[in-house]
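Comments concern the structure below.
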DNA sequence: TTGTAAGCGTTATCAA
DNA sequence: TTGATAACGCTTACAA
C-alpha cells in the first residue's frame, strides 16, 4: 500500500546528508568516509530504497534502451535472432523495446517515432518495409540484419557463399537438373527499391546458384513467384510448383534449392505425401538452419546462418556507434557492412542414396 | 550532425512564449488562440521538434512500459504469446520491455529489479522460476499467464476441460489403453512449491485425463518423468517411452495424450520412423495448438489454447490494475484468475481409421 | 570529504 | 488566454 517510492531526498533527510552525498554513495562510494558509507547503507536498507533509472536519464542522457524492429514472430528465424539479442543483456546491459512490424510501413514509422520519443540509444532492424535511406535520415545509431542496407550499417550472412555451398551439395548428389525456388521479395511491387534485386537477400543465394550451375554446366531453372505471405499460402503454391517440375522432367533427378527452410520443408512434406516416402528422383536443400530442418521427419540439408555470430556482430557495431555518439565531440562512425560465413549442414536429403522415412535420423 | 534535440524551451524562445504555453499546445491546444496555435505549429515544423516522452515521465509518473518475462524463445508457444501481446500496442499503447528468463532465478530477479528501476507500470510473466508469492511482494501490477498463480492475478486456459476433450478423443478412436505423457515440471526439485502439483499447468490436463479414464473404465497409465529441458533431450527420452509402451502392450491400440505439442510431435516422428508409416495400434493427441501440430507430415490432433483471448484477457486485467493504482486514492484490485476455454482440434491421428503419410493433409 | 545550486525537459499550480 | 514558478529524481560543476 506504500504509494511513493523512496528517493535520494528521503535518504538524505533520514541521515542528515545532502542529496549530493547520497548520489556519490552510489556512483563513487569511496569518496565518502567509511563511517558515512555505512550510515547510508543502513538508510538504504531500512527505508528500502530502490534505484530509479528513469530519473537518471534526463541528466545523463543514457536510456540504455535499444529498439528492436522485427517483421513477425511466427518465423522461427526472427525468434532466434531475438533470443540472441536479448541474451546480450548480460554483456552490454541494454534493454530491448520490441516492436513487431507486420509489413505495415506506416505502423513502423510510428514505432520509430515512439522509439525516438523514448530516446533509445540505437535501433536494430530486421524489417524490410522502410528503406535504409529513410532509416539513415533518422540520425540515430542503427544496424540492419539481413535486409537492404545501402545507407546504414548491417550484418549479413554470406548469401553468395551459402548459395554456392547449397548448389554444390545438390550437384554432388547426382542431380540432372537444378531448381532455385523463392518468393518475389515481399510482394515485389511493395517497395520500388526492391526491384533493384541486388538489395534483396536472395540475390546472393540466387547468384551462388547460377555460378555453380554455369561452372558445372548444369541445366537449371530459376522459379521466382509471388508465394504469398503466410504458411498457408506457401503450402498452397509450392506443391503446385513441385508437381509441375515432376511432370516436366520425369526420369531426371531434380535438385531443389529453396531460398529458406520453410519453403524446403513444405516441398519435402509434399513429396513425402505424394510418394509415401522420399522419391528417388528428388533432392532438397533449404536455407537458414532453422529448427525445422533438424526436426523434420527426414531432417533436411540446409545452410546454417550463424545467428550467434551475426547478432554478436550487430551488437558490436551498434554499441560502437552509440559510444562514438556519446563522446564529448560526437563522432559519426563510417557505415560498416559485416558478412558472416554460413555453415553447410549436410543431411539425408542431399545424398546420393535416397533417404527413407523408416529409420530416419 | 545536429546534436541536441529541440525542446519546449527552444520553441518558446523561437516564438516568444513561455514553456507553459508550448506544453499547453500539445496537451490542450484549444486553450490557445487559433493564431497562437498556428505560430507554435509553425515553430514545431521549422525547428523540427520531436516529442520527448522520457521527460514527461518524471512529472506524470507514466512510463507506458510493460515488462514481459518469458522463459525462452525457442518454444513457438512463447513467440505466439509475445506476438499477441506486442500487437496490443495498437489498443493500449504500452511498450514492452522484454526479458528472456532462461530458467535462472537470480537472473530473473535481476530482470525484475531492472524493470522496477525503469518504473514499468506492470509486468506480464510466463516464467516458472519465481514464486507468485515473491512476485506479489514486489508490489507492482502483475499478471501471470499459464503458470503458478496463488498470490497474483492470472489467465489460464482450462486445462481440466482440455484434458477431458483430448482424452475423450482418444477414447472415441477405439483405443484399448490410454497414456498420459509429461515431463516433471521444470526439473521438479527446482522449486519446492512445485511439489504441490496443483500449481502446475499439467495438473489440470492430467486430472481431465484421469476423470475420463475412470468414467469410461479405460485402462490407463500416467508417465511423468524428467524429460529434460531441450528438444534434443526430449528426442532422446520420449522414443524410449514409446518403444516401451509398444513392447508392453502388443496388439492393443494405445492412445497417447502428450501434455504438449512438442512431445506429441516427437512421439509421432518416432512412430513414423519406426514403422515407416503411422501404425494401426497407436493414436496421438497433443496440447497447445501450436503450428507444428498443423505442419507435421501427418497433422495431429491437439487442444488449441486460444492465445488471442488469453493474452487479451491478460492485458485487460493488467491495464485495469494499472489504472486502479493511478487513481488519486490508489486502489488495490482483488486478484483475478481468468480461465479461457480451449478448442479441440480433431485431426488424423485420433480417428478410427489409421492415417497414412501418402496423401495426408 | 561534503554541500550548494543549477540543470535535464516536461507538467501542474497558481496568479495575472 | 497566458506566464512564473515549483515540482519530478537525479547528476554535476563549483565551493567550502
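Chains as they are written, first to last, in this note's numbering: chain A, 4 to 364; chain B, 4 to 364. Even for Gly, the Cβ is constructed at its ideal location relative to N, Cα and C.
Looking only at C-alpha atoms, which of the options sits nearest to residue i?
i: residue 12/A; options: 52/A, 37/A, 32/A, 40/A; result: 52/A
i: residue 284/A; options: 56/A, 294/A, 353/A, 349/A; result: 353/A
i: residue 59/A; options: 312/A, 26/A, 287/A, 110/A; result: 26/A
i: residue 99/A; options: 113/A, 84/A, 305/A; result: 84/A
i: residue 1/B; options: 269/B, 240/B, 152/B; result: Residue 1/B lies beyond the stretch modelled for chain B, which goes from 4 to 364, so this question has no answer here.
i: residue 272/B; options: 108/B, 299/B, 154/B, 249/B; result: 299/B
i: residue 232/B; options: 113/B, 332/B, 266/B; result: 266/B
i: residue 9/A; options: 48/A, 327/A, 248/A, 108/A; result: 48/A
i: residue 365/A; options: 73/A, 297/A, 269/A; result: The first residue shown for chain A is 4 and the last is 364, placing residue 365/A beyond what the model contains.
i: residue 168/A; options: 23/A, 119/A, 210/A; result: 210/A
i: residue 368/B; options: 249/B, 170/B, 218/B, 264/B; result: With chain B represented from 4 up to 364, any question about residue 368/B goes unanswered, as that position is not in the structure.
i: residue 355/B; options: 36/B, 297/B, 282/B, 226/B; result: 282/B
i: residue 46/B; options: 72/B, 65/B, 19/B, 23/B; result: 19/B
i: residue 227/A; options: 235/A, 206/A, 187/A, 217/A; result: 187/A
i: residue 68/A; options: 78/A, 56/A, 333/A; result: 56/A
i: residue 134/B; options: 154/B, 117/B, 328/B; result: 154/B
i: residue 75/A; options: 248/A, 359/A, 223/A, 234/A; result: 234/A
By the DSSP assignment, the beta strand (DSSP E) with residue i in it spans what residues?
i: residue 103/B; result: 98–103
i: residue 224/A; result: 223–228
i: residue 343/A; result: 340–343
i: residue 185/B; result: 180–186
i: residue 347/A; result: 346–348
Need the endpoints of the alpha helix (DSSP H) that residue i sits in, please.
i: residue 158/B; result: It is not in any alpha helix (DSSP H) - residue 158/B instead sits in the beta strand (DSSP E) that spans 156–160.
i: residue 72/A; result: Premise fails: residue 72/A lies in the beta strand (DSSP E), 68–73, not in any alpha helix (DSSP H).
i: residue 305/B; result: Unbroken run through residue 305/B is the beta strand (DSSP E), 305–307; no alpha helix (DSSP H).
i: residue 78/B; result: Note, residue 78/B: premise wrong, no alpha helix (DSSP H); not H, not E.
i: residue 354/A; result: No alpha helix (DSSP H) holds residue 354/A; DSSP gives it neither H nor E.
i: residue 311/B; result: 310–329
i: residue 40/B; result: 37–50
i: residue 233/A; result: No alpha helix (DSSP H) contains residue 233/A, which DSSP labels as neither H nor E.
i: residue 14/A; result: 11–18
i: residue 58/B; result: 56–63
i: residue 364/A; result: From DSSP, residue 364/A is part of no alpha helix (DSSP H); its letter is neither H nor E.
i: residue 369/B; result: Coverage of chain B is limited to positions 4 through 364, which leaves residue 369/B absent and any answer about it impossible.
(message) Taking 8 angstroms as the cut-off, does the region 172–190 of chain A touch the region 249–265 of chain A (at least 3 CB pairs, one atom from each stretch)?
(response) yes
(message) Within 8 angstroms, do at least three Cβ pairs link the region 115–132 of chain A to the region 340–360 of chain A?
(response) No: fewer than three Cβ pairs fall under 8 angstroms.
(message) Threshold first: 3 residues or longer. Then list the beta strand (DSSP E) segments lying entirely within the region 80–151 of chain A, N to C.
(response) 98–103, 125–128, 145–148
(message) Assess contact between the region 127–139 of chain A and the region 89–107 of chain A, defined as three or more Cβ pairs (one per stretch) separated by less than 8 angstroms. Is contact present?
(response) yes
(request) Would you list, in chain order, the members of the region 51–62 of chain A that have their beta-carbon closer than 8 angstroms to a beta-carbon of chain B? (result) So the close ones are 53, 54, 55, 56, 57, 58, 60, 61.
(request) Kindly provide the ranges of any beta strand (DSSP E) runs that are 3 or more residues long and lie completely inside the region 242–294 of chain A, ordered along the chain. (result) 257–261, 285–288
(request) Indicate whether the contact test is met: 3 or more Cβ pairs, each with one atom in the region 88–96 of chain A and one in the region 281–300 of chain A, closer than 8 angstroms. (result) Under the 8 angstroms Cβ criterion, the region 88–96 of chain A does not count as touching the region 281–300 of chain A, having fewer than three qualifying pairs.
(message) Is it the case that the region 49–64 of chain A contacts the region 13–20 of chain A, given that we only count it when at least three CB pairs across the two stretches are under 8 angstroms?
(response) yes
(message) Any C-beta of chain A within less than 9 angstroms: which residues of the region 9–23 of chain B qualify?
(response) Within the region 9–23 of chain B, no residue has a Cβ that lies closer than 9 angstroms to any Cβ of chain A.
(message) Assess contact between the region 169–176 of chain B and the region 258–265 of chain B, defined as three or more Cβ pairs (one per stretch) separated by less than 8 angstroms. Is contact present?
(response) yes
(message) Give me the subset of the region 63–74 of chain B whose CB atoms are less than 7 angstroms from a CB atom of chain A, sorted by chain position.
(response) 66
(message) What are the residues in the region 116–128 of chain B lying within 9 angstroms of chain A by C-beta distance?
(response) 116, 117, 118, 119, 120, 121, 122
(request) Report yes or no: do the region 269–276 of chain B and the region 227–242 of chain B share at least 3 C-beta pairs separated by less than 8 angstroms? (result) Contact between the region 269–276 of chain B and the region 227–242 of chain B is present, because at least three Cβ pairs lie under 8 angstroms.
(message) Taking contact to mean 3 or more Cβ pairs, one atom from each stretch, closer than 8 angstroms, check whether the region 311–326 of chain A and the region 141–160 of chain A are in contact.
(response) yes
(request) Pull out every residue of the region 258–278 of chain A whose Cβ sits closer than 8 angstroms to any Cβ of chain B, in chain order. (result) Cβ proximity to chain B below 8 angstroms picks out 268, 272, 275, 276, 277, 278 from the region 258–278 of chain A.
(message) Which residues of the region 285–298 of chain A have a Cβ closer than 9 angstroms to any Cβ of chain B? Give them in chain order.
(response) 294, 295, 297, 298
(message) What are the residues in the region 213–230 of chain A lying within 7 angstroms of chain B by C-beta distance?
(response) none
(request) Please confirm if the region 319–337 of chain A is in contact with the region 137–146 of chain A, defined as three or more CB-CB distances below 8 angstroms between the two stretches. (result) yes
(message) Which residues of the region 304–318 of chain A have a Cβ closer than 9 angstroms to any Cβ of chain B? Give them in chain order.
(response) Look at the region 304–318 of chain A: it has no residue with a C-beta under 9 angstroms from a C-beta of chain B.
(request) Using a Cβ-Cβ cut-off of less than 9 angstroms, list which residues of the region 148–175 of chain A approach chain B; keep chain order. (result) Contacts with chain B (Cβ-Cβ distance below 9 angstroms) from the region 148–175 of chain A involve no residue at all.
(message) Any C-beta of chain B within less than 8 angstroms: which residues of the region 331–364 of chain A qualify?
(response) Answer in chain order: 333, 335, 359, 360, 361, 362, 363, 364.
(request) Identify each residue in the region 23–49 of chain A for which the Cβ-Cβ distance to at least one residue of chain B is less than 8 angstroms, and report them in chain order. (result) none
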